[in-house]
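What follows is one structure encoded as structure tokens, with my remarks underneath.
2 protein chains.
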Amino acid sequence: MSANETPASHQPPAATRDSAFLRACRREPVPHTPVWFMRQAGRSLPEYRKVREGIGMLDSCMRPDLVTEITLQPVRRHGVDAAIYFSDIVVPLKAIGVDLDIKPGVGPVVEQPVRSRADLARLRDLTPEDVPYVTEAIGRLTSELGPTPLIGFAGAPFTLASYLVEGGPSRTYENAKAMMYGDPELWADLLDRLAGITAAFLKVQIEAGASAVQLFDSWAGALAPADYRRSVLPASAKVFEAVAGYGVPRIHFGVGTGELLGLMGEAGADVVGVDWRVPLDEAARRVGPGKALQGNLDPTVLFAPREAVEAKTREVLDSAAGLEGHVFNLGHGVMPATDPDALTRLVEYVHTRTAR
Amino acid sequence: MSANETPASHQPPAATRDSAFLRACRREPVPHTPVWFMRQAGRSLPEYRKVREGIGMLDSCMRPDLVTEITLQPVRRHGVDAAIYFSDIVVPLKAIGVDLDIKPGVGPVVEQPVRSRADLARLRDLTPEDVPYVTEAIGRLTSELGPTPLIGFAGAPFTLASYLVEGGPSRTYENAKAMMYGDPELWADLLDRLAGITAAFLKVQIEAGASAVQLFDSWAGALAPADYRRSVLPASAKVFEAVAGYGVPRIHFGVGTGELLGLMGEAGADVVGVDWRVPLDEAARRVGPGKALQGNLDPTVLFAPREAVEAKTREVLDSAAGLEGHVFNLGHGVMPATDPDALTRLVEYVHTRTAR
């Protein structure tokens, strides 16, 4: 099978294909604007904190029972239009043997940062056998979810590289950028290798039953457009190209990427995610025709009273009025202190307000 | 004297007025593109770390001898075209009695965050008598600096409010935004009060001899344009209007403000600072005619080899070719681990490459 043939066996059932979420991704008419939230499965939910009690983040990502439960929680509670597979962007790196951990209150920490060509050898290819829990959890999920689509996800090569090179979270990415500017060949080889791993990880999810995928380039917004185009886009494009044949919608998101929206679409996305800084009509102008948009309520709005949330939501919906396809989301992940009831009300509000 | 009359006594001497920096700010022809660096006075310099040894940040800001020495250090070492007054954006708040401190490795921490109308009473007006060390240090500086201009500075109302409402540094500004969305009147009153304090602080600096001012709205980039226009711009405009009569160039900068550049110009800036994410020619399109631009080399580029620094510097200069006025700077502050020699070489490179 060539990469560009559609493997019919991986098509989702008709009811899923016809869901508001997948229709919006394909820019088809929808009964209402579909809604899901980045980090909808996570710390804002008491039922999540309960099942995670005493279990490390990476351990929880490798337990199909927990992944299934956590992924389903926001679907049950909020009635969102899509589930997103519960995982972390460093899971595929852990799966191929990179010595890393997710430290509470810190984030992913890599024992030995990648700084030289010799370090690349530690990044071997990923096979489905490396992540059996993914296949198992997605099998369970698709049967439990019924027609609700499941979004698979992975971190993009730049964002993974930023953790690997810095050795942990960073606000400046000074080591990663020093490599990008100072040793462009090593940098390109690192990103190309990460693209292969990311593509393989997304393929596992699609073949197990995910009916859309989102590539998170969380920190790409730290890059100037010329640097993104030259040093990052080729690797992200390789990921999207590798999964093009499955025909599932491919979403691409990063925070603070106002200047990169056009390039992130060019990389091969069907849906471009937008943070709250760029109004959706302006984002559509930058992305150009032929792509849906996802976004973009400021997640901090949810700390304001209900009337303020509704007013800001109307602003988002108004700016989305002319879009070819719109998936409502926050402009970044749900913040841990968010009141879950505010999220439930928001789903209802968008559904009611956009019912056709 | 009305606010819009030019008090001739505060005009800098002719040699200063004719400096490359002030000429570029006024969009007049220059012998070379002037260069200075945000945070040029600070942790990247060993001579700075030496004089600061054992002295807290706020204490050092209140000692005219130290302020003078620290402000001069980068001028001596790098030959930059302007000095920037060494201070911290919370100094005027401390001066009016707000109980705050700058904790090493953390940032400004406010003992009792501002959350209610009653809390506003703690923010009284600032008078020159509250900051005698500023007047004294600037007096010393202008005589030591000779024709090199001194830039005064202050934090903008939004950024000050973010510290006051959050109680410290934040990545999300959830409390500040909750007030902005949920209690717009209290928010507007808070920002208006901060605008008065900021304007008074800038006036002290100008009257003591600063020949330009920069308003740092460091965190404004967290706001969507509609929110900035409605809830922040009026206060920043009040600050700029209050110092308009002095005729000194007014610079306005925040990081991640690509979507706000036009509005930050509209607020009353003569020079709009641009971070590295937006190429300067695109920034000029957003800001419109009649304003100079400042920026915008990615500060992390300085961790790369010399050839890479020069190549990226040429990209900045090329994108600035059509500007009415250009002040070369980094797109954010100098990072602490930066090699000072790389900064000195960068000043020389820009001067040589742009010599007319």
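Protein sequence lines, in the order shown, are assigned to chains A and B. Residue numbers for the first sequence, in the numbering used here: 41 to 396. Residue numbers for the second sequence, in the numbering used here: 41 to 396. Using N, Cα and C, we set each Cβ at its ideal position, and we do this for glycine too. Predicted model, so just to flag it, every value in this text is computed and none were measured.
Assign residue i to one of two classes, buried (16 or more other C-beta atoms within 10 Å of its C-beta) or exposed (fewer than that).
i        : result
B:Pro376 : exposed
A:Asp310 : buried
A:Thr46  : Confidence is the limiting factor: at A:Thr46 the pLDDT is only 49, short of 50, which leaves the residue's position unreliable, though a coordinate-based value still follows. A:Thr46 is exposed by the Cβ-count criterion.
A:Ile95  : exposed
B:Asp139 : exposed
B:Pro53  : exposed
A:Arg396 : exposed
B:Ala161 : exposed
A:Asp165 : exposed
B:Thr56  : buried
B:Thr108 : buried
B:Lys352 : buried
A:Arg67  : buried
B:Ser183 : exposed
A:Ser271 : buried
B:Ser100 : buried
A:Ser359 : buried
B:Phe111 : Looking at the sequence shown, residue 111 of chain B is not Phe but Thr. B:Thr111 comes out buried.
A:Thr167 : exposed
A:Arg211 : exposed
DSSP puts residue i in a beta bridge; with which residues?
i        : result
A:Gln334 : A:Gly313 and A:Val367
B:Ala194 : B:Leu255
B:Ala15  : The structure shown has nothing for residue 15 of chain B, since chain B only spans 41 to 396.
B:Ile178 : In the DSSP output, where bridge partners are listed per residue, B:Ile178 has none listed.
A:Asp141 : A:Val149
B:Ile291 : B:Gln254 and B:Val311
A:Val75  : A:Phe368
Classify residue i as helix, strand or coil using the three-state DSSP reduction.
i        : result
B:Ala201 : helix
A:Gly147 : strand
A:Val387 : helix
B:Asp99  : helix
A:Leu166 : coil
A:Val318 : coil
A:Met41  : Reliability fails at A:Met41, whose pLDDT of 37 lies under 50, so the model's placement of it is uncertain and the value that follows must be treated cautiously. Residue state, collapsed to three classes: coil.
B:Val272 : coil
B:His372 : coil
A:Arg474 : Because residue 474 of chain A is not part of the residues shown, which for chain A are 41 to 396, the question remains open.
B:Gly298 : helix
A:Val349 : helix
A:Glu68  : coil
B:Val171 : coil
B:Glu206 : helix
B:Arg135 : The amino acid occupying residue 135 of chain B in the given sequence is Ala; Arg does not appear at that position. In the structure shown, B:Ala135 sits in a helix (DSSP, three-state: H, G or I).
B:Ile246 : helix
A:Val283 : coil
A:Ala161 : coil
B:Thr392 : helix
A:Thr46  : For A:Thr46, the predicted model reports a pLDDT of 49, less than 50, meaning its position is unreliable; a value from the coordinates is still stated below. The answer is coil: DSSP assigns A:Thr46 none of H, G, I, E or B.
B:Ile129 : coil
A:Thr238 : helix
B:Arg325 : helix
B:Gly260 : It is worth fixing the name first, because residue 260 of chain B is Ala in this sequence and not Gly. Looking at B:Ala260 - three-state DSSP - the assignment turns out to be helix.
A:Leu85  : coil
B:Pro380 : helix
A:Thr212 : coil
B:Gln51  : coil
A:Gln113 : helix
Identify the contact partners of residue i in chain E, using a Cβ-Cβ distance below 8 Å as the criterion.
i        : result
A:Val341 : Among the protein chains of the structure shown, namely A and B, there is no chain E.
- May I ask you to list, following chain order, the residues of the region 295-319 of chain A that have a beta carbon less than 8 Å from some beta carbon of chain B? Gly296, Gly298, Glu299, Trp316, Arg317, Val318 and Pro319
- Message: Could you check whether the region 253-260 of chain A touches the region 360-380 of chain B, counting it as contact only if at least three pairs of C-beta atoms, one from each stretch, sit closer than 8 Å?
- Response: no
- Item | Interfacial residues, the region 207-225 of chain B to chain A, with Cβ spacing under 7 Å | Thr212, Tyr213, Glu214, Lys217, Ala218, Tyr221 and Gly222
- Message: Check whether the region 239-250 of chain B and the region 202-211 of chain B touch, using three or more Cβ-Cβ pairs below 8 Å as the test.
- Response: No, they do not touch.
- So, do the region 318-325 of chain A and the region 280-287 of chain A have three or more beta carbon pairs nearer to each other than 8 Å? no
- Taking 8 Å as the threshold, find out whether the region 175-189 of chain B comes into contact with the region 118-126 of chain B through three or more Cβ pairs. yes
- Are at least three pairs of beta-carbons, each pair with one atom in the region 305-321 of chain B and one in the region 267-277 of chain B, less than 8 Å apart? yes
- Query: Does the count of Cβ pairs from the region 335-346 of chain B and the region 211-224 of chain A closer than 8 Å reach three?
  - Reply: yes
- Report the residues of the region 362-377 of chain B with a CB closer than 9 Å to any CB of chain A, ordered along the chain. Gly371, His372, Met375 and Ala377
- Message: Which residues of the region 255-277 of chain B have a Cβ closer than 9 Å to any Cβ of chain A? Give them in chain order.
- Response: Hits within the stretch, in order: Gly261, Ala262, Leu263, Ala264, Pro265, Ala266 and Asp267.
- Anything in the region 145-171 of chain B with a Cβ closer than 7 Å to a Cβ of chain A? List those residues in chain order, please. none
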